[in-house]
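Numbering (our numbering), first residue to last: 15 to 253.
Positions of the beta carbon are idealized from the N, C-alpha and C atoms, including for glycine.
If you're wondering where the values come from, they're calculated on a predicted model, not measured in any experiment.
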Amino acid sequence: MAHLEPASTAATAEAQSAVMIRVSNLKKSFQSGDELVEALRGVDLEIERGSCTFIVGPSGSGKSTLLYLLGALDEPSSGEISIEGQTVTAMSETDRDHFRRSRIGFVFQQFNLIPNLDAVGNVLLPFIPTGLNRTLRNKAVGLLEDVGLGHRLRHRPSRLSGGQQQRVAIARALVKDPAILLADEPTGNLDHKGADEIFEILRREQRVHGRTLVVVTHDRRFIREGDRVIEILDGKIVA
Ligand SMILES: Nc1ncnc2c1ncn2[C@@H]1O[C@H](COP(=O)(O)OP(=O)(O)OP(=O)(O)O)[C@@H](O)[C@H]1O
Ligand SMILES: [Mg+2]
């Protein structure tokens, strides 16, 4: 006789399955003055654990909107997102915040560093609410060394190059050891060489540490065989 699995068993099964992120019929609208902007118009998507996915498409097509929703930084107008079998879109704001902080690392085009904190302080930022200690400090230093900034630990952002600032931002995104790493145009403000270095680090995090990587970019030269490329146009996936 068939029997229904309890929801918790289903969630556990999905937590171990290949699907990391599942998106169904995701919509997001913004009210802009008198106009209703439909930034996402029904997106369905599955992203595999440990994979590398690029989101491409013209300006205004909805790439950042999708990435922010995947990262639980914003709420959709309708539709569902589940990550590791947990329905993020059904969580309370507190649970969602907690989930995001523990499972997701974010890297932005503008680095978003705090000007009056040095590199170590910026990496430790996610821990300030819960308190710092020597173990965490050592971890921050280790991560900065991993991204090639062992000689810039006490530098504030204004004394770092763009590429170095973005490496601090990546170290900060990694400090909680996230399963998912999301990046919105991470090399948009960098020169060729700086961009290459950033992608090398992001790739290493995917390959060596098995993180699920999702990157919004205009720059297709970083796409490699085996990567998934999702093209968005006018709020819909077209390829
Ligand atoms: N907070 C907001 N308020 C109003 N409209 C918004 C808001 N955020 C995004 N939009 C609109 O939603 C649409 C999609 O924006 P989004 O930022 O996702 O595009 P994008 O593909 O990331 O573009 P770009 O390549 O320029 O970064 C655009 O028309 C944009 O103007
Ligand atoms: Mg964008």
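Near residue i, which residues of its chain fall below 8 Å by C-beta distance, leaving aside the five closest residues on each side in sequence?
i      : result
Glu60  : Val33, Ile35, Arg36 and Val37
Ala16  : Confidence at Ala16 is low in this model, with a pLDDT of 48, below 50, so its placement is unreliable and no value can be given for it.
Ile128 : Gly135, Asn136, Leu139 and Pro171
Ser75  : Ile246, Leu247, Asp248 and Gly249
Asp58  : Val37, Ser38, Asn39, Leu40 and Ile251
Lys207 : Gly177
Ser116 : Lys190 and Pro192
Asp88  : Lys42, Thr79 and Tyr82
In the DSSP assignment, find the alpha helix (DSSP H) that holds residue i and state where it starts and stops.
i      : result
Ala258 : Given that the chain is displayed from residue 15 to residue 253, the structure contains no residue 258 and the question cannot be resolved.
Thr144 : Counting along the chain, Thr144 falls outside any alpha helix (DSSP H), and DSSP gives it neither H nor E.
Thr103 : No alpha helix (DSSP H) holds Thr103; DSSP gives it neither H nor E.
Ser172 : First-last for Ser172: undefined, no H or E at that position.
Ser78  : Lys77 to Leu84
Can you give the beta carbon distance from residue i to residue j, rounded, assuming they're within the 8 Å contact cut?
i      : j      : result
Glu110 : Val102 : Sequence check: residue 110 is Arg here, not Glu. With a Cβ gap of about 6 Å, Arg110 and Val102 count as contacting.
Val230 : Leu139 : In fact, because the Cβ distance is near 22 Å, the residues do not count as touching under 8 Å.
Leu167 : Arg181 : Not a contact, Cβ separation roughly 12 Å.
Asn203 : Gln123 : 6 Å
Gly177 : Gly64  : Actually they are not in contact, since the Cβ atoms of Gly177 and Gly64 sit about 26 Å apart, beyond 8 Å.
Phe68  : Ile215 : Contact doesn't hold; Cβ gap of about 16 Å is too wide.
Ala185 : Val222 : At roughly 15 Å, the Cβ-Cβ gap does not stay under 8 Å, so Ala185 and Val222 are not in contact.
Phe141 : Leu131 : Contact flag wrong, Cβ pair sits at about 12 Å.
Ala209 : Asp233 : 7 Å
Ala183 : Phe125 : 5 Å
His165 : Ala133 : Contact flag wrong, Cβ pair sits at about 10 Å.
Among the residues of its own chain, which have a CB less than 6 Å from the CB of residue i, if the five just before and after it don't count?
i      : result
Glu52  : Ser43 and Gly249
His112 : none
Phe236 : Phe213
Ser92  : Lys41
Gln220 : Cys66 and Leu227
Ile95  : Val37, Val102 and Thr103
Arg114 : Ala86
Gly71  : Lys77, Glu245, Ile246 and Leu247
Leu83  : Pro90
Once you ignore the five residues that flank residue i on each side, which residues in its own chain have a CB closer than 7 Å to its CB?
i      : result
Ile118 : Gly85, Ala86, Pro192, Ile194 and Leu196
Thr79  : Lys42, Ala53 and Leu54
Arg148 : none
What is the residue span of the beta strand (DSSP E) that residue i lies within?
i      : result
Val229 : Thr226 to Val230
Arg55  : Glu49 to Glu62
Gly93  : Ser92 to Ile97
Arg242 : Arg242 to Leu247
Thr67  : Cys66 to Val70
Return the bridge partner residues of residue i from the DSSP annotation.
i      : result
Ser46  : Glu49
Gly119 : Leu195
Val37  : Leu59 and Ile95
Lys153 : Per DSSP, none; premise fails for Lys153.
Ile251 : Ile246
Check your reading: residues with Cβ closer than 5 Å to ligand 1 heavy atoms: A residue is listed when its beta-carbon falls short of 5 Å from at least one non-hydrogen atom of ligand 1; in chain order these are Phe44, Ser46, Val51, Ala53, Ser73, Gly74, Ser75, Gly76, Lys77, Ser78 and Thr79.
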